[in-house]
Every structure is written in C-alpha cells, then in structure tokens.
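Chains as they are written, first to last, in our numbering: chain A, 4 to 333; chain B, 4 to 333; chain C, -5 to 343; chain D, -5 to 343. Glycine included, each C-beta is placed from N, C-alpha and C at the ideal position.
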Ligand SMILES: Cc1ncc(C[n+]2csc(CCOP(=O)(O)OP(=O)(O)O)c2C)c(N)n1
Ligand SMILES: Cc1ncc(C[n+]2csc(CCOP(=O)(O)OP(=O)(O)O)c2C)c(N)n1
Ligand SMILES: [Mg+2]
Ligand SMILES: [Mg+2]
C-alpha cells in the first residue's frame, strides 16, 4: 500500500490481501446462516440483512489499492469487503460493524453496505453508482488543495448503465480531476447478464465518450490490474485527469447470500471456481520465485488477523438501543 | 411530411415550415412584452412565464420532421415551437395554449413548455432530457405492435450531459427500438458553453458508447439534416435500431426572453444572424431552380396561418378557473 | 366488481402470499389484455427479487416480460411513453429507497402527463415497489416513503395489507387509466427468505376481481379508539387491538389501503364514533402519514375524547443493527402503550 | 451570535433583496473560509439564474465558483465528496422541481453520510434551490415541495421570508456541519424580471451575523388566532392579519423559518395563547406542511376554540394559465376568509 512499492512487495501484499479478504468472507458464510435455521429468514441471526460477497473479485481490489495511500479516497459498492480490506479499513471495526456492534466502524448504524473508515477515506453505499459523484468531489478537493491524492470509485458492470455513471465521468473529465473509475465486470447485475443490458461489449470503450483513457483488463489477474491501475493512478497524481478501467472478473457466489442462482448457465460456477484467481496467483508467484514459506507466512498472518477480528466482533457488545438517535446530525 | 417525399416538395415544405416557425416566434416577441411595461415582470401580460425561442434552430426541426408521419412520436424540449410546428401540431390550438386559453391544446394547463398534441404524437417538457425515456417507450410500443412508426427525441447539447441521456440511449440500443435521438447543438445551455461542460467536442461520438450510429451534421443546414435524418429514420423503420444525430445549429435569441446574454462573446449574435439559416436556404433554393414566386407563395401561406392562429388565440376565451381541477386524473 | 370481459375461471380460492397474489394478478391481466407488459430489474429470469413476476417470463416471453438495465430513469420514462401509446406497462422499482434516481420520471412525467395534455394523453401504468425494514437491511433498503409519494399529485398510491387485497388492487391498478404506485411491504410479502406476518397470507380467489383503489377498510370494529394503519402497521394495530380487548379497550382498526386518494370519510366516521385517534405507520414521522390523518380528522372539527396521537418511524435514517432498528420501529406493544395512555382519564379533555 | 473569527467590518445596513443578501453572505463566507466554494448551473458567468451568486466569479475565480454541466446527480454527489474531505460546498439546484433527477444524492447520500459513518464523516454542504410559482411558469417550474424535503431525515431545511434572515440563515447554513437545504421563494427573490413582495426587501447589516437554523419567529403578535406560514405565505399571512385587524380580529403570525427541525414549541405556545390555528403554505396540501403543523398542535392536547385549518396548494399539478394558477394559489384573501370563518361562534366547539 505504499506509493511507489517494489513490485515484489506489492505482489506479496496483493496475495496476502486477497487471502485475507477471502478468509473474511469464509468466516461470514457460516456466521450468516447462524440463527437462520430451520427456516431461512434474512432478518435473523448475528448477521441480518443482505450479504453480498466478493469471492472471486479480489484481484480488482488489490491490484488497484496496492497503489493507494490512506489519503486517497475510495468509494465502493454494496459488495465492498474486498475493496475495504485492500484499502486498509480497520479490520476489527469492520467486522464489528457487520455484526452490528458498538465497536463497529459506525457503531452498528451502517452495517455491511455502509462501511466508512475516515482514517483511510473509505466509504461504500447500497445505491448503484452512488459513489461516483463523491469520488469526483474528493478528487476535486485534492486538486483544489494542490495535493496529489486521488479518488477511486469502484462500480459493477451493471452500474455502468446508470445515469450517474455518465454524469460523473463527464464531470471528472471536464474538471480534469484525479479520479479513477474502476468497473468490476463480473458479468451479472443480480440475475441480468451484461450482454442483455449493456449496449457495448466493453465498458472501457465508453471512456471515449468522456475523452479519457479507457482500459480493459482481461483475465481477473491481479498483476494485470496492478499494471493498468498503476498507470492510471500515476497519471491522475500527475494532474493529467481521470481514467476508466474495466476489469474482467467473476463472482463465485450468488448475488447475495441465499441467491438460488437459477439464472446461471449450468456448470458456470464450477468453471469459474476452477479458475479461482487466488490459487492461480499463488501458483504464479511460486513459479516466479516466491518461496512457499513466505507465502504461507503472509497467508497465515492474514488469516490470523481476520480470525482475531471476528472473535473480537462476536465478543463485542451491542450498542444501547437509544444510540439509534445519535449522529443523525453532526 | 409524407413517408417517401420527392426531395423538391420536401425542400419547399422545409422552407415554408422554417418561415412559419420563425414567424410564429416573431409574433410571440412583441406579445410577450405586452403588459410587462414599465417594469419588466415575467408574471405579467398575455404570455407569462419563461419563453424559450428557437430562432436559428429551425433547420433541425424541419430536416428531421420532413420524414415523419402523424403516427411517429416526437418528444421535444423546453424550446419546442419549431419542432412542434414541423411535426404538424395544430397551430391554432398551440397558439391558444401559449396564451393560456380554453381552446389551447391542453386548455391552458400546460403552456409553452408543455405542448401536447396526441393527434400527431407530439409532447414536450421542461425538464432536461426528460423526453428521452418516453421516446424509447413509444418506439418500443411500435416495435411490439409490428408497426413501422419511429420515435424521435430532441434534446439540447447541454442535455447530453444528463444521466437520462445515457440510460435512454443504452436502453434503446439494447432493445433495438426505432428511436432517433437528435441533439440540437446551439453551443449553450443557458449561459454555459458546450466546451465548458462537455468532455467531447461532438456528442455524436458518444453514439459509440451505445453501439449505435452517430452522425454529426455541420452547418445548420436543413438539406444536410434532411439527408442524415432520412437515413437514420429509414434505418429505424427497417427495424435496425436507434441512431444519434448531433446538429450544429445556433440560437439567435437569448436562452429565454429577457436574457441579457452577457455570457456571449462580443459580436457573436451579429455573426450568427449574418448566417441566419432561413435566408441562406431561400438563396440556395433560388439558386437551385426554385421560383421566387413559389417560395413567396409558400411563405405567404405560412405567415397567414400563423397570423390567423395568433388572432384566434388572442380572441379566444380563458378557461373557467375551476377547470384547474380537471384532468389531474383520467 | 369483477370485470365483465374477464375469462370465466372456476379456480377456487387458495391461500396465497402477497407475492403470489401479485404475480397471479399480473399474469391473468396479461392473458386478458395484450397491452400489458412488465419491465424492471430482475423481473424476467429471476421472477422479481420479491416474487412479483414469478413465472411470467415462461408464460409470456421476453417481449412482454423485460429485464432492464439498472436504468430506472430510462425504463420508467419508457413506461410513460408506452402508456401514452396505449400500452399498459407495469414497472418495478426494486426498493422504494431507489426513488431518488428516477423520481423525475415518476412525479414530473408520469404523474403530470394527463394534466399537461389536458386529458389528451393518459398514463395507465403501474409502478410497483417494495417498502419497509425490520430485517437489518440498513438505511438505503428499509424505508417506506409513503408520504413522499402521497404528497405529489397525479399519482394513486396503494399499499395492500394482505394477499386478497393485493390481487384485487393489482388488477384495479393495471386497469386504471392513471399511474398507480403499488407499494408492497417486505414484511408481508411471503418470500421464503424473509419472515412474513402470517395474517397477510389469505384466501385468494382464482377469479378476476378488483379491490377499489380509493377505499379504506374497517378491518376490526370497535368503540373506544380508532387505530389507523396501512400495510404492515395494519397487522400491528390488529395485534394491539387484540391485546387491548383483554383490557376492555375496544379498538377499531382501519386499513387505509390507499393514501392517494386518502379516504378521509372512513377515518372521520370512525373517529366520530370512537372519539380517539391513533395513527400508526412505519414511514418517517414528520410530514408523514400520521400527520395527515390527524389533520384530516381535526380540521373537520370532530370532538375528541383525548388528544390524537401518532406512532411512526422517528426522523432518523434506518439503523442497521437490530438492537437499534427494532427499538425505533413501530410495533404492537408501542401501540398498546399509546392507546392505554389515551384511555387514561388524564388524557381526556 | 456572530462568529468570533469574522472579519470586523463596519459596513452599514442597506436595503437588499434576498438575492443580494444571499450572494453577499456567500461572498463574505468565501472570504473568511477558503474551504467554501460554489457549484451549479449558470452560477458562475451568469451569477445564478436567481442572482444567488452575482459577482462571485469575478471575486473568487473559476476554481471556487464553478459552472457545472446539467448533471445534478454528479455535482451534488461531488459536493458530498467535497464535504467529506472538509470543504464547504454550496450547490445550487436551479429549481426545486428538478429534485427528481438527483434526489438520491441529496436524501440517501448527503443526508445519511453522517449517520452511516457513525459521525466519522460529516456533510457540511448547502443546497440552495428556488421554489414557488405564481408567474405562469407551469407545473415543472412552480412547485415548492417543502414537505418532500422536510420529510426525509438528515437534512436541515430553511426558507427565508426576507433579506435579513436570508443572509443570516445562509451564513449559518454554510457553517453548519450538516447538509442544509436552503429554499428561496421566487416571489421574494427580488429579481429584476420577477415581481417581488416588497416586504421581503429589508435592511441587511453588512456585518457577519447568523440567524439560527432551528427557530421560528413570531413576526406579529396577536391574541385571537395563530397564522403559521413560511416563505411567501408569511407575507400573505401578514397582509391577512392587517385586514383582520380592521375586523377586530387579532392574528398572531409565525414565520416558521425552518421546517426541519420544526420549532413546534413556538407554534404550540402561540396556539395555547390564541386557541386557534390556521396554517398556510404553498406546497401541495396532502402530507404537507399544514398537516404537520396541525398534528403537532393537536397531539399536544392543546385546547382549541375552533377546528384547526390549513390553506395550501391543492393536490393538482400547477396549471400554466394565470386564471387557473391564481385561482388555486393561496393568498391573503383566502386566509382572511378562513380566519373569519374560524372566528364565527358556530366554528367553535
Ligand atoms: C439505483 C439502484 N438500482 C437498483 C439497485 C438494486 N441492485 C443492487 S445490486 C444490483 C446489481 C448491481 O450489479 P453490478 O453493478 O454489476 O454489481 P455487482 O452486484 O455485480 O457487484 C442491483 C440492481 C440498487 N441498489 N440501486
Ligand atoms: C434537470 C434539469 N436541470 C436544469 C434545468 C434548467 N435548464 C433549463 S434549459 C437549460 C439549458 C439546456 O441546455 P440545452 O440542453 O443545450 O438546450 P437549449 O436551451 O440550448 O435549447 C437548463 C439548465 C432543467 N430544466 N432541468
Ligand atoms: Mg456485476
Ligand atoms: Mg443548447
């Protein structure tokens, strides 16, 4: 997460962070179903409400966030865990927030779709494409202050058909602010396939409509994302304006937990799982000279941090109910 | 206004219709200032409220509408007169509506920004880019019914930065409906110059973001518009999907009447008036073999129709005040 | 009030969820009227996130059952264009919370098309949308926003409290020549993955019938106090009335069914009889449904035996954590407590 | 309540329009606080369609005074990002009627940023917007939508009735750490091209001062009847009170100033004294401001001498033609008639 990292340390960090994110969600899965038996009811258990997992999309988060500093802003989506973790959101407070505890990032007011960590300028939201305008604003603040912070807005490929996408990209370009728009193309918006709702094959081609560079990153590959995002972010830091990146990725789970996924062609998930980017990345790192032991160590630390965060979150106290009335206004 | 007109009759019609529209607005001008003396107050006089004139933009309206039939739909903007007239909206009822009379298209409920004539499927509205979605819907209705009606949405170049533009064009393309989006680029959205708010030079280039043909028509030239629109509309009628057209035009008046136009570079209006498309078109027609007498006759008839409409509108009765409560619901 | 040209069906009444009732109504009307079509996010292949369109794609095909891009402004705008052209579109806004991205198409376009055109162009469309919280979905997926929609002219706004009404209201809504906002409450919807108030699952005739879009219903008679609710709060009021009966308080319960138009007469007549009014809803309190109910009664000069009261969601965003959310949500106990307070002699003027 | 670090200025009070008062407030605050910037359509070169930013571009340059594309969602969203980053953006939504294209950024983003973040991230922004009709601008340019904004939590909503308050409220709004919706009424704005109620043009100190964002004002004392208004309707109520005085009816007039928070105490205290309540506003009637005022008084159990009444814009789109528009708009005569009716012995319980 440093500004000009050596590629080796970034790669190790990316691997460990992908593992951390995956492990975070691995712990969410059973916890989410706790208390929802015998009849599944989203309202029940320690993790009520919708739960959107990012399994499979970790390369997008780490490839981009490897270039970011705490002073850079990230706005993420309803599917935020991997990005939040990669951006350095406090893991303990994040887990606690998702469990609705007083020690959560927002004292339990926001939950999984509204993770905010001001320390690292991270926010996310549940409305499609809502984070794009705020990213333009954060980028403008940086520019007006003569800083070299950038702002990155993550969005899904489905969100690229929302009006806010158009407006924000145009505005970012007209004002030449250091914003980067990162589309995680996981092929689906809930059940609707990209090809059934998007007029173009690649949203990166839409960058031309805003006179900004558009990059397509195939292969769900952290290194490829790292390269492309690095260029776009460096360009933004130099004051040369915004970029659009579309990353080919995949969602290994349902849209939210409990999704029956009937809209998927048969065998799709199996195929996707066979191409899981995390083991593939481990294999590549090993083949390119990393030691198994160092990967194991990084992996182990990552898991341990997550385990600790979950244990603490579970043990933490719920807020007082009356706390509902706090922080409506500053 | 026939389906496959001879070019000669279309050109005569386009000329006469441009004259009609210009004359319509020529009569509006003094009427608008009536009763607003000695101190100008928009609320007063026979024509209260905002008044957006289209002087200079007539080629856009006639070049497109020459290809349209009553069954085709047009949605226009806050600057609707030229398009309404070209689409064949009832001139008497339109004038009466603008004067707020009972015999107006909507009995005085809508006024200048809300002209509706169901007979020819014309509507307009005061919200930027609001007509685009409805045009997609009208086009879809035509497609579902196996008809060859098209729908044309007019918008300003400023409107092309509104989210609704993006959503509607994408939807039209995904559903391959017979919709044509026509941007009248008059260089300004109120006081804001296109170059100060639009990331690309030509909005027609944005068509690529929706995998549809994009056409740029320079020169504020009715014949050129006629040619390009003819292709796009014929394509749509054949079921080959939507198109985007941007027409270079100019606004000879202020954004609305009373606009001090301090945002214009000095001499701009004079320059634009020197290139007024109507006299230029007349000159071309004459040079290409039209008789002065036939142009005069068409012009004369056009003016007479407008004069009659205005006279009738002025003489018409106001609605009963209680009529305000009618037609909220069907 | 069943339609004359309805297909004669002898399908018996079955117990259905509101979700099933809605999808049945839409399907029956699509069979009857070729102009009806459905559009929205995840309404085709998935059958609607809240089950409102289950089975329709298979039956009617992708031309009439259309998944849309995540482009609410465009597809709701398109619905007004379809409606203007004589079609009868039903569009789904997945959560009412998303109204902010597309309200212009709803309130400035659909709602005013008839008026602006002086009646030339109507707008027969249904906008169906899910409302309500209580399941930990936080502040952008748990709102009801009843008053937001009720406040803006040109829209009819209905909220079914049970499956029988849901079907009849949906059939009425599709046939109405005006835009109808059809709000279904997630706590009543009967989805497998969400708890459901069992009383909302009712016998639903297989036949064609309509429930009027503009009439409130007295769902329990009483003499001491009128409880006014809609959607979920009708059930909370019924539960409260049951408990109050144990204390010898006889509560009348009104299901508003519609908030636009608001059936003020039914409410006023009831309060004339009982002399006490407690309005309950789960929308935000200020400028909300309860205020309108209280004002409608008080401006009519009805003599009250105690000050009218309201229970609503407080003026705060919906918090995620259940300990907070359930603390602030209306429920039967809060209704009972407020009602008992209103029955105390000191509460009476 | 002037700010300690305000530049000491000895500028005397002058009579200003609300437009001038607003632009002066913004300019002074931009001088005082480098974090303040203004964005919106036509607010730079043109100085704001309603004069709210006149002269600011020349003084502060294009970095801090930004014309935007017609992209309300993007620039209001950007304002929340700027605010989160510690800037103090002021954005203009040219007409409140346009809220439908950008309400998500306002009510789901700006209004909830503080809450969702548990107070970590504030949202110090001002959204200023013009409201009101009466000048023939028809149904998409004449609405007020007060209750629409008042209903949704997380926003402060103020409406000045005169230039003095406009300046003080704007200074308070910019300094407030929360999103403030600042609604200015076109009939009070003092634009050269629109008629203006002269009473809204007042002495305005050149100095730095704030008017509290949460306090209603009694602008005329009286004993028989309380007239509650905001923005334009304050002036109509004052005109009505003057006429009523001629009939020996002593009307107290309250200027709400803010509808969120709503200063219920001031209203209740007045009605306790007068025993009669007539609420007046020019927003749509149902689920409107008047309903909230009436409910707030009645639920408090205040003894009334006649049924509380409200005058508002009826539940119809705003018609274009003046004969219709002026027929349905509230005005002083309607207030007088309603007040007189309330004073009749038969109106009293
Ligand atoms: C404005 C809005 N419309 C609809 C939704 C409902 N919704 C939530 S996630 C989603 C799909 C998003 O797809 P995509 O952008 O591709 O992101 P992904 O879920 O694939 O990560 C939809 C439609 C929403 N939250 N906001
Ligand atoms: C959503 C919305 N935002 C802003 C406005 C105010 N407005 C009316 S016309 C206009 C400029 C439109 O520019 P353009 O689209 O180029 O059309 P033109 O006026 O040049 O014909 C603006 C900003 C509006 N009516 N609707
Ligand atoms: Mg996706
Ligand atoms: Mg323009």
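query                                                                                                                                                                                      : result
Mind checking whether residue 87 of chain B and residue 133 of chain B have CB atoms under 8 Å apart?                                                                                      : no
Near residue 23 of chain A, which residues of its chain fall below 7 Å by C-beta distance, leaving aside the five closest residues on each side in sequence?                               : 88, 305, 308 and 309
Which chain C residues sit within Cβ distance under 8 Å of residue 201 of chain A?                                                                                                         : 63
Assuming residue 329 of chain D and residue 231 of chain D make a contact with CB atoms under 8 Å, what is their CB distance in whole Å?                                                   : 6 Å
At 7 Å on the CB atoms, spell out the chain B contacts of residue 98 of chain D, in chain order.                                                                                           : Chain B residues near residue 98 of chain D: none, gap ~10 Å exceeds 7 Å.
Taking 8 Å as the threshold (beta carbon to beta carbon), is residue 192 of chain B in contact with chain A?                                                                               : no
Under a Cβ-count criterion, where at least 16 other Cβ atoms within 10 Å of its own Cβ denotes burial, should residue -5 of chain D be classed as buried or exposed?                       : In this prediction, residue -5 of chain D has a pLDDT of 35, which is less than 50 and means its spatial position is unreliable; what the coordinates show is noted afterwards. Per the 10 Å Cβ criterion, exposed.
Hey, is residue 189 of chain B's beta-carbon within less than 8 Å of any beta-carbon in chain A?                                                                                           : no
Of all residues in the structure, which have a C-beta closer than 7 Å to any heavy atom of ligand 4, taken in chain order?                                                                 : B:159, B:160, B:161, B:187, B:188, B:189, B:190, B:191, B:192 and B:254
On the premise that residue 184 of chain A lies in contact with residue 53 of chain A, defined as a C-beta separation below 8 Å, what is that separation, rounded to the nearest angstrom? : Contact doesn't hold; Cβ gap of about 24 Å is too wide.
Does the beta carbon of residue 266 of chain B sit closer than 8 Å to a beta carbon anywhere in chain A?                                                                                   : no
Put residue -4 of chain D into one of helix, strand or coil per three-state DSSP.                                                                                                          : Its pLDDT being 38, under 50, residue -4 of chain D is placed unreliably by the model, and nothing is read from it.
Verify the CB distance criterion: does residue 103 of chain D have a CB-CB separation below 8 Å to chain A?                                                                                : yes
DSSP on residue 52 of chain C, reduced to helix/strand/coil?                                                                                                                               : helix
Buried or exposed: where does residue 53 of chain C fall if 16 or more other Cβ atoms within 10 Å of its Cβ makes it buried?                                                               : exposed
Listing by chain order, which chain C residues have their CB less than 9 Å from the CB of residue 209 of chain B?                                                                          : Chain C residues near residue 209 of chain B: none, gap ~15 Å exceeds 9 Å.
Could you list the residues in the stretch 151 to 172 of chain A with a C-beta less than 8 Å from some C-beta on chain B, going in chain order?                                            : 164, 165, 166, 167, 168, 169, 170 and 172
Return the CA-CA distance between residue 50 of chain A and residue 35 of chain A, expressed in angstroms with no decimal places.                                                          : 5 Å
What does residue 310 of chain D touch in chain C if you count any residue whose Cβ is under 9 Å from its own?                                                                             : 109, 147 and 148
Could you check the C-alpha separation between residue 97 of chain B and residue 106 of chain B for me, to the nearest Å?                                                                  : 9 Å
In terms of residues, what are the limits of the beta strand (DSSP E) holding residue 159 of chain B?                                                                                      : 154 to 159
Quick check on residue 176 of chain B - is its C-beta less than 8 Å from some C-beta in chain A?                                                                                           : yes
With which residues is residue 252 of chain C paired in a DSSP beta bridge?                                                                                                                : C:152
Confirm the yes/no value for this check: CB of residue 82 of chain B, any heavy atom of ligand 2, distance under 7 Å.                                                                      : yes
Thinking C-beta only, is residue 121 of chain C closer than 8 Å to residue 181 of chain C?                                                                                                 : no
Drop a sphere of 10 angstroms on the beta-carbon of residue 9 of chain C, count the other beta-carbons inside from all chains shown, and report buried for 16 or more, exposed for fewer.  : exposed
By the DSSP assignment, the beta strand (DSSP E) with residue 127 of chain B in it spans what residues?                                                                                    : 125 to 127
List, from N- to C-terminal side, the alpha helix (DSSP H) runs of 4 residues or more that fit wholly inside the stretch 99 to 156 of chain C.                                             : 107 to 110 and 140 to 144
Where residue 61 of chain A and residue 15 of chain A are concerned, what is the direct C-alpha to C-alpha distance, given to the nearest angstrom?                                        : 14 Å
Just to check, is the beta-carbon of residue 95 of chain C closer than 7 Å to a non-hydrogen atom of ligand 1?                                                                             : yes
Three-state secondary structure (DSSP) at residue 179 of chain C?                                                                                                                          : strand
So is residue 165 of chain A buried or exposed if we call it buried at 16+ other beta carbons inside 10 Å?                                                                                 : buried
Under 8 Å by Cβ, that's how I've got residue 271 of chain D and residue 291 of chain D pegged, so tell me the actual separation to the nearest angstrom.                                   : 5 Å
Answer yes or no: does any C-beta atom of chain A fall closer than 8 Å to that of residue 3 of chain B?                                                                                    : Since the first and last residues shown for chain B are 4 and 333, residue 3 of chain B lies out of range.
Counting only Cβ pairs nearer than 8 Å, list the residues of chain B close to residue 2 of chain A.                                                                                        : With chain A running from 4 to 333 in the structure shown, residue 2 of chain A is simply not present.
Name the chain C residues whose beta carbon is nearer than 7 Å to that of residue 95 of chain D?                                                                                           : 98
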